[in-house]
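J.: Sharing a structure with you now.
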Ligand code: SF4
Ligand code: SF4
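Numbering (my numbering), first residue to last: 834 to 1249.
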């Protein structure tokens, strides 16, 4: 049968068919009872109910109960992050707002709510901890946050497990295994299995190199919740150029497909630069075509190999392009977009406030991009170092500290 329409329409039709096939395989974006507005409780007590209702595939954040009016103001910022957004996945008995959050309902989500409530009262908990388990990596990205991946440092499984024990005890709800390339770490599955799913979800950041379908199934079986695969461009040659090696784009695409086939939640992660901000539509098309659950964006940070390139961060004009794109795709069919720069406008910088990072040498940093070791897991208790970081009021920043010239000069002795 001949396909009617212009070449662009035909391409869109082909794309829709491909996306439908991938989604059917991965069971993504499916709303079990599309005719009914489904409700999911975020918090429920005799005085207050906070819930989300799915209307036309978008989340509407609602409150009810006697304490509703009083609490709505306190909750406004947190609720605004999800109001009107698409969820990453809807199931009959649980809602996945984002691959970055435990599902609703789940014990991990209850712990996250507890953490949010305690932060209203001034007590901060490191909700999200990234553990760079190894520096080993087959790639050579021009913007890598690790200034040197040649020294091959890695944490022992005992050290990582002890760190996991400590952060779960502190209230962490999202443990992310990062690198280098975490897939090169022997015993990765053992570490994933070690994280108590009653307390936290697990994630992994990967370039995709080495992720076969068999490995993806092994990670899923170990309990991995979400797989995050990095893309710098929708174009193979540009992506491989940034990653410093040919073939990485193909590996990333294969990793996404393998993750979906294995039943993992899959997130594509793009660090926005002044270059790839001009291919937002193409990145969205790629994510839709692959059928991922979420497409997340961060903003380039002058750190690691990019440390002396503070002048190459996004301009206000670039950010306007991004804001317009985010509004446009909200109504489009396809994956949820998680725009972290926009989220941070509501929440402020997360470094040392909600996030904590452990390097392959064991150093404890306020976030993966701030190269200031406040302690080391080989000699310090994470709780003590968190307390030390929290004593410095700078870690309540509204905007990115690593893009703040005053912070860079005072804390890193960098003058631009
Ligand atoms: S950014 Fe990630 S994939 Fe690239 S060199 Fe660094 S650790 Fe490897
Ligand atoms: S300093 Fe804050 S905004 Fe900047 S990279 Fe770290 S957490 Fe993100």
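We put the CB at the ideal spot given by N, CA and C, even for glycine.
(1) May I have all residues whose beta carbon comes closer than 5 Å to any heavy atom of ligand 2, sorted in chain order?
(2) Which class does residue 1172 belong to by DSSP, given the choice of helix, strand or coil?
(3) How long is the line joining the alpha carbons of residue 1118 and residue 1205, rounded to whole angstroms?
(4) Suppose only complete runs of 3+ residues qualify. What are the beta strand (DSSP E) ranges in the stretch 929-962, listed by chain order?
(5) Buried or exposed: residue 1100, going by 16 or more other Cβ atoms within 10 Å of its Cβ?
(6) Take residue 880 as the anchor and find which of 890, 889, 1176 and 899 has the nearest alpha-carbon.
(7) Enumerated in chain order, which unbroken segments of the beta strand (DSSP E) with a length of 3 residues or greater are wholly contained in the stretch 1001-1052?
(8) Does ligand 1 have even one heavy atom less than 7 Å from the beta-carbon of residue 1041?
(9) Does the separation of the CB atoms of residue 1015 and residue 1045 fall below 8 Å?
(10) Considering only residues of the same chain and omitting the five flanking positions on each side of residue 1149, which have a CB-CB separation below 7 Å?
(11) Could you name the residues of the same chain whose beta carbon sits closer than 7 Å to that of residue 1222, not counting the 5 residues immediately before and after it, in chain order?
(12) Just tell me which of 1031, 1023, 1028 and 1017 has its CA closest to the CA of residue 1038.
(13) Roughly how many whole angstroms lie between the Cα atoms of residue 1062 and residue 1040?
(14) Need the endpoints of the alpha helix (DSSP H) that residue 1094 sits in, please.
(15) Starting from the C-beta of residue 921, find all residues in its chain whose C-beta is less than 6 Å away, skip the five residues before and the five after it, and write them out in chain order.
(16) Helix or strand or just coil, what does DSSP make of residue 922?
(17) Three or more beta-carbon pairs under 8 Å between the stretch 958-965 and the stretch 1136-1144, yes or no?
(18) Starting from residue 1190, trace the beta strand (DSSP E) both ways and give me its first and last residue.
T.: Walking through what the data contain:
(1) The filter returns 1134, 1182, 1183, 1184, 1200, 1202, 1233, 1234 and 1235, in chain order.
(2) Three-state result, residue 1172: strand.
(3) Approximately 38 Å between the Cα atoms of the pair.
(4) If we require 3 residues or more, the stretch 929-962 turns out to have no beta strand (DSSP E) run fully inside it.
(5) Buried, since its Cβ has 16 or more Cβ neighbours within 10 Å.
(6) It is 899.
(7) Listed in chain order, they are 1007-1011 and 1034-1039.
(8) Relative to ligand 1, the beta carbon of residue 1041 is positioned no closer than 7 Å to any heavy atom.
(9) Contact: no.
(10) Hits under 7 Å: none found.
(11) If we look at residue 1222 and ignore the five residues flanking it on each side, its Cβ neighbours are 1185, 1199, 1207 and 1228.
(12) Among 1031, 1023, 1028 and 1017, the Cα nearest to that of residue 1038 belongs to 1017.
(13) So the two alpha carbons sit approximately 6 Å from each other.
(14) Unbroken alpha helix (DSSP H) run through residue 1094: 1081-1094.
(15) Once the five neighbours on either side are set aside, the close Cβ partners of residue 921 are 929, 931, 932, 1126, 1127 and 1169.
(16) Residue 922 falls in the strand class under three-state DSSP.
(17) Counting C-beta pairs with one atom in each stretch, the stretch 958-965 and the stretch 1136-1144 have fewer than three that are closer than 8 Å, which means they do not touch.
(18) Run containing residue 1190: 1188-1191, per the beta strand (DSSP E) assignment.
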